[in-house]
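Just so we're aligned: the sequence shown equals residues 3 to 396 in my numbering.
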Amino acid sequence: MMAHKAPRNVRIESLRLFAIVAIAVFHTFQPLFSQATDWALAGDEGARSAAAAAGDIAAIVAASPVSVGALGFINLFGAFGNCVFFMISGYFLIPRCAQASRDEGYWRIQGAKTLRRAGVILISVALYALLALAIGRFITPLPGISLHETGWLLGGLEFIWVYLAVMVVSPLIGWVWERCRARTPAALTLVVLIYLVNAYIAFISPGDAERGLLEWRKLMSAVSYFAAFLVGGLIARRALHPATGRRARVAALAAFAGALCVEIALSVAGHVDILVATSFKSTSAISCALAAISLVACAQPARSDASRRNALIRSAASSILGFYILQSMLYSLWRGGMDLLLADAAQSIGAQDTVLCICAVLGAGLIGSLLVVAGFLAIDHVVRKPLLRALRLE
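Structural data, given as structure tokens:
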């Protein structure tokens, strides 16, 4: 980043940082949510009770519909965080490209900027791929990480490659955006159609658990993030009055509370299948809506403040790309530690006190997630960011 650029809006950077934490929390609890809902859907109370008595955390959680609903709410965080990432990119890039599209030499200038953005992404992936290979070779084995396997670089980084593709086409999107008179209804119609298809996938045709990279349902994840990118551009079109931001912040809190209540209500009512569908993979309209209202709430510029806290927020938020790559490539490393942490938390209480046991597991998972975030952000701060600065890419 050039020194003469104005500081980023700390509210948006705070949202970016919250998205990092949301993604980490989602990944921490996603296996537990999947196992707990499997128990709830099976309906075999005898087998569940026996498994709970033996210390199975998912079986213990499944005994409490409220807890299953709370995990359903947490399961929304993955798509929420990813949508925030794309929306913020669209919020800045679409209007910037649209405005510049009338200038002479637009395609040449945007081509250079696109190469720069792509360079940041590709160098970041290459750097952390080398780090993961080194860890697997000299410190501890990392299953699936080797020069002879590609899954960790392709499917494991699907989100990163989708982001790269969106960055590549953003100049074209901006060019079309500037020349489309009905851009708002056109973009909204496209977003609605995308999420109607997503609803069909989630509620009617989820397909197999394992999907190929080019399976059409899998591709809808990429299309959904493109929709989030467009939503960011739509939000940027509105000149937000301070009062709008205040109302949006209240509405955002209400929306999160409402989503939590809906997830718990579905679980308590026994509609666990619908609960699962509402947060199915990357198709969740609820997650997208929460991301959009959160961005509206944070888009109003904050007062200029050069405090250490704001500087720390901006620095940490700028590592979201590095965090995502690290948490994907080193998944087996932190996943094992997280599973042990959750198991120890459950064992310290025991299945006889279900409520306290579940609270301990949730608390341990949240703390563990924050530690993972802090660790990966620290690594990114001393490994990737200095390299990008040395290459004059930041």
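We treat Cβ as the ideally placed atom computed from N, Cα and C, and that holds for glycine.
As the structure is a prediction and not an experimental result, all values here were calculated from the model.
Check                                                                                                           : Outcome
Expected contact under 8 angstroms - CB spacing of glycine 234 and serine 91 to nearest Å                       : 6 angstroms
Member of Ser172, Phe82, Ile237 whose CA lies at the smallest distance from the CA of threonine 400             : Since the first residue of the chain shown is 3 and the last is 396, residue 400 is not available in this structure.
Alanine 201 vs alanine 287 beta-carbon contact at 8 angstroms                                                   : yes
Three-state secondary structure assigned by DSSP to histidine 383                                               : helix
Validate contact between the segment 125-145 and the segment 62-79 using beta carbons, cut 8 angstroms, 3 pairs : no
Three or more C-beta pairs below 8 angstroms linking the segment 273-280 and the segment 33-42                  : yes
Continuous alpha helix (DSSP H) assignments of at least 4 residues falling wholly in the segment 342-372        : none
Helix, strand or coil at cysteine 182 [DSSP, three-state]                                                       : coil
Pairwise C-alpha distance: leucine 159 and alanine 128                                                          : 12 angstroms
Check whether asparagine 1 and phenylalanine 28 have beta carbons under 8 angstroms apart                       : No answer is possible for residue 1: it lies beyond the span of the chain, which begins at 3 and ends at 396.
Backbone CA spacing between glycine 272 and cysteine 99 [nearest angstrom]                                      : 48 angstroms
Host alpha helix (DSSP H) of alanine 64 (start-end)                                                             : 59-64
Per-residue DSSP class, three states only, for serine 394                                                       : Rather than serine, the amino acid found at residue 394 in this sequence is arginine. In this structure, arginine 394 counts as coil in the three-state DSSP scheme.
Top-ranked residue by Cα proximity to alanine 224, from Ser334, Val193, Arg240                                  : Val193
Rounded separation between glutamate 180 and phenylalanine 228 - CA only                                        : 18 angstroms
Every unbroken alpha helix (DSSP H) inside the segment 270-318 [4 residues or more]                             : 274-280, 287-301
Coil, strand or helix - proline 187 by DSSP                                                                     : helix
Helix, strand or coil at aspartate 40 [DSSP, three-state]                                                       : helix
Pairwise C-alpha distance: isoleucine 96 and phenylalanine 82                                                   : 20 angstroms
Own chain residues within Cβ distance below 7 angstroms of alanine 5, not counting five before or after         : Confidence at alanine 5 is low in this model, with a pLDDT of 41, below 50, so the placement of that residue should be treated as unreliable; the coordinate-derived value is given next. Nothing listed; no residue qualifies.
For glycine 45, three-class secondary structure by DSSP                                                         : coil
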